Amino acid sequence: MASNSDSIYYVLTKLKNHPELIKEVRPRYTNAVLILFADSLKIADSSFYFPVGRLMVNRLSNDFVAKNGELLDEYFAMTKGSKRNYYDVWVTTCHIPKEKVYFLELSFE
78 MASNSDSIYY VLTKLKNHPE LIKEVRPRYT NAVLILFADS LKIADSSFYF
128 PVGRLMVNRL SNDFVAKNGE LLDEYFAMTK GSKRNYYDVW VTTCHIPKEK
178 VYFLELSFE
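For the sequence shown, the working numbering begins at 78 and goes up steadily by one.
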């Protein structure tokens, strides 16, 4: 099974390259962004990584943050923050089938 980081990398890259999948972006605070995107996006083991009716929260590994800084910076730019000195990135996910969207929130600490 792929790691959560692999799935999140896939989703973030796919959304970057296909912004038409994004239904809504909400900056939250100075260090977080919430993204709702179409649940038509095929994600391996989506029921595990985007559970229905509950939130899944994970911290992305330090290696992931270091390796994918440019990609994460693009999402950090969607927040209300101006500092780019984050070290930890937390990701919260879920599936909202009634709205036909996946929920993804990135919190930069």
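For glycine and all other residues, C-beta sits at the position ideal for the given N, C-alpha and C.
For clarity, every value in this text was computed on a predicted model and none was experimentally measured.
- Between L137 and S123, the alpha-carbon positions lie close to 17 Å from each other.
- Contact between L113 and F180 is confirmed by a C-beta separation of about 6 Å, below the 8 Å threshold.
- For E151, same chain residues with a beta-carbon under 8 Å away, outside a window of 5 residues either side, are K93 in chain order.
- Under the 10 Å beta carbon count, L132 is surrounded by fewer than 16 other beta carbons and is classified as exposed.
- By the C-beta criterion, the stretch 90 to 110 is judged to be in contact with the stretch 147 to 165, since at least 3 inter-stretch pairs fall below 8 Å.
- Considering only G130, H172, L183, the residue with the shortest C-alpha distance to K119 is H172.
- In this structure, Y106 is the residue among A115, Y106, N145, G130 with its C-alpha nearest to the C-alpha of K160.
- Each residue's CA atom was taken as its position, placing V142 and V166 some 7 Å apart.
- Shown here, Y179 sits in a strand according to DSSP, grouped into three states.
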